[in-house]
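Participant:
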Amino acid sequence: MQKSTLTGQRLVAVFLVGCILFNYPVLSLFDRVATLFDLPLVFAYLFGAWGGLILLMAWVVERRSDQRTERSGG
């Protein structure tokens, strides 16, 4: 039961990191007249941060299921 609590806490932490990444002060750092891969810098940042959060959430969830299979022996 403690593992599910730990996973929940990690997902809450990922959510809070997402709130910080998509908040005004951080977004204003990337609001420049510049491009990255022919995208405005702010859009490249938004898509990159969004993809990074999805990967981080998947890693947290999959890590829990991997630990379950290791304990069950299969």
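For any residue, its number in the working numbering is found by taking its place in the sequence shown, counting from 1, and adding 5. We put the CB at the ideal spot given by N, CA and C, even for glycine.
Can you tell me the Cβ-Cβ gap for L58 and G13, rounded? I've got them flagged as a contact below 8 Å.
Facilitator: Incorrect: roughly 16 Å between the Cβ atoms, too far for contact.
Participant: To which residues does DSSP link P45 through a beta bridge?
Facilitator: T40.
Participant: Report all residues from its chain with a CB closer than 8 Å to the CB of I25; omit the five preceding and five following residues, and keep chain order.
Facilitator: Same-chain partners within the cutoff: V31.
Participant: Near A49, which residues of its chain fall below 6 Å by C-beta distance, leaving aside the five closest residues on each side in sequence?
Facilitator: L41
Participant: Using alpha carbons as the reference points, say which of A18, G53, F35 and G56 lies closest to L46.
Facilitator: F35
Participant: Do L16 and M62 have their C-beta atoms closer together than 8 Å?
Facilitator: yes
Participant: With distances taken between CB atoms, is the gap from V66 to V19 smaller than 8 Å?
Facilitator: With respect to V19, V66 sits apart: the two C-beta atoms are not nearer than 8 Å.
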